[in-house]
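Below is one structure; the comments refer to it alone.
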Ligand SMILES: NC(=O)c1ccc[n+]([C@@H]2O[C@H](COP(=O)([O-])OP(=O)(O)OC[C@H]3O[C@@H](n4cnc5c(N)ncnc54)[C@H](OP(=O)(O)O)[C@@H]3O)[C@@H](O)[C@H]2O)c1
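Residue numbers (the working numbering): 122 to 428.
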C-alpha cells in the first residue's frame, strides 16, 4: 500500500481560538506551517514557520500563497460557501493535495441534525468539497468533536451549571450524553488525520473524535464538588425547545438560533453522542478520565475567580 506523506500545511485562521491550537499541534507533529492571514490582520501567528497576509476574496492571490503546499486547513469563523469556495478553488489551482474544512462541529451526518438551520452553511461547504473530491481534483477531510470543552460553553449555565448564579439548566433531565472536545484534542486530531499512517484512510471523510462523553448533570456535579455550591435546577423539554426555535426561525426571528444547539447536542437521534463512530482508537487518542475532567474544571474555575 502506498503512503501519503504531507509535509507543508497552509492554515487559514491560525491566530484564532481553535486555529492557534491546530497550529501548535501541526508544529508538534513536524509539519511546516504557513499561516494565511487576512490582509489587514494585526494578529500574530506565533509558532508559524511563515505568515502571509492575503486578500481572502482573491482566488489568484490565494493560489499564489498555496503554491508548494501539500495541505490547506481552514479554521476561520462562521464559514459560508461564498467565501470558503474561493480558497478551496485556489487550493485546486495550486495543486494542493488535501483540504481540511472549517467544520469542528457536532454530528453533521444525521438527517435530524442536517435539518437544523445552524448547520446549513457547513453542509453547503461540505457538499462542495465532496464534489471536488469525487471529481478527483483534490481530497478533503474534516474534523468534528462536538461542543468545545471550554468554559464559555460549560460554565455559562446555558447547558448545565453556572457557578456564579448557582443555577443549572437541564434538558430532558440533564443525563443525555454529548461528546465534547478540548481545542487541543481538535488540534491533535487534525495533525493525526494528516499523518502518513492515516492520510489515505481519512481522504474524503469527516472524522469524529472527542475528549470526553459528558452530560449536563455530570459537569454540574463536578462543579458542585469543586465549589461546594448547591445548584438550583431548571429542566426543559428538548422537543419544546426545538419546536419553539423552529417556530421563531420560520417567522424570520433569528433570536433563538442558539437554541438549536440543544437538540444538536442532546436530542435523541441527532447523534451528539457519537462514541460509536469516533476515530479515537484508530488515531490513538485517549479519552479523558473523570479525574482529568475534574482537574480541567478546577483550572477553569480558578482562572475565572482570578485565584
Ligand atoms: N463546536 C463548537 O463548540 C465551536 C465553537 C466555536 C467555534 N466553532 C467552529 O470553529 C471554527 C473556528 O472558529 P473560532 O471561533 O476558533 O474562530 P475565531 O477565533 O473567531 O477566528 C479565527 C481566525 O480566523 C481569521 N479570520 C479569517 N476570516 C475572518 C473573518 N471574516 N472574521 C474574523 N476572523 C477571520 C482570523 O485570523 P487573522 O486575523 O490572522 O486573519 C481569526 O483570528 C469555525 O468553524 C467555528 O464554527 C465551533
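Even for Gly, the Cβ is constructed at its ideal location relative to N, Cα and C.
Three-state class that DSSP yields for residue i in the structure shown
| i | result |
| --- | --- |
| residue 226 | coil |
| residue 380 | helix |
| residue 427 | Confidence at residue 427 is low in this model, with a pLDDT of 41, below 50, so its placement is unreliable and the value that follows should be read with caution. Of the three classes helix, strand and coil, the one that applies to residue 427 here is coil, per DSSP. |
| residue 270 | coil |
| residue 278 | coil |
| residue 174 | strand |
| residue 422 | helix |
Where residue i falls, given that 16 or more other Cβ within 10 Å makes a residue buried
| i | result |
| --- | --- |
| residue 418 | buried |
| residue 128 | exposed |
| residue 205 | buried |
| residue 201 | exposed |
| residue 203 | exposed |
| residue 154 | buried |
| residue 389 | exposed |
| residue 293 | buried |
| residue 165 | exposed |
| residue 375 | exposed |
| residue 93 | A query on residue 93 cannot be resolved here, the shown segment of the chain reaching from 122 to 428 and no further. |
| residue 141 | buried |
| residue 255 | exposed |
| residue 363 | buried |
| residue 428 | With a pLDDT of only 38 at residue 428, under 50, the local geometry of the prediction cannot be trusted, and the value read off the model is given with reservation. Exposed is the call here. |
| residue 456 | Outside the shown range of the chain, which is 122 to 428, sits residue 456, and nothing can be said about it. |
Cα-Cα separation between residue i and residue j, rounded to whole angstroms
| i | j | result |
| --- | --- | --- |
| residue 229 | residue 244 | 8 Å |
| residue 262 | residue 349 | 43 Å |
| residue 160 | residue 209 | 18 Å |
| residue 369 | residue 248 | 27 Å |
| residue 257 | residue 175 | 27 Å |
| residue 316 | residue 135 | 19 Å |
| residue 242 | residue 167 | 30 Å |
| residue 199 | residue 224 | 9 Å |
| residue 321 | residue 124 | 7 Å |
| residue 413 | residue 277 | 20 Å |
| residue 182 | residue 341 | 48 Å |
Chain D contact for residue i (CB, 8 Å cutoff)
| i | result |
| --- | --- |
| residue 282 | Absent from the structure: chain D. Only one protein chain is present. |
Same chain, Cβ closer than 6 Å to residue i, neighbours up to 5 away in sequence not counted
| i | result |
| --- | --- |
| residue 420 | none |
| residue 323 | 262, 314 |
| residue 309 | 146 |
Neighbourhood of residue i by C-beta distance below 8 Å, restricted to the same chain and skipping five residues each side
| i | result |
| --- | --- |
| residue 394 | 297, 298, 299, 300, 334 |
| residue 233 | 384, 388, 390, 391, 392 |
| residue 235 | 229, 244 |
Whole-Å CB distance - residue i paired with residue j, under 8 Å assumed
| i | j | result |
| --- | --- | --- |
| residue 259 | residue 213 | 5 Å |
| residue 194 | residue 130 | 6 Å |
| residue 291 | residue 371 | In fact, because the Cβ distance is near 27 Å, the residues do not count as touching under 8 Å. |
| residue 219 | residue 197 | That pair is no contact at about 17 Å. |
| residue 352 | residue 287 | 5 Å |
| residue 184 | residue 211 | 4 Å |
| residue 101 | residue 359 | Nothing about residue 101 can be read from this structure; the chain reaches only from 122 to 428. |
Beta-carbon proximity list for residue i, same chain, < 7 Å, skipping 5 on both sides
| i | result |
| --- | --- |
| residue 330 | 264, 266, 302, 306, 310, 399, 400, 401, 404, 406 |
| residue 381 | 237, 238, 239, 366 |
| residue 169 | 135, 144, 154, 155, 156 |
| residue 139 | 196, 225, 304, 307 |
Residue i beta carbon near ligand 3 (any heavy atom closer than 7 Å)
| i | result |
| --- | --- |
| residue 400 | This structure simply doesn't include ligand 3; it includes ligand 1 instead. |
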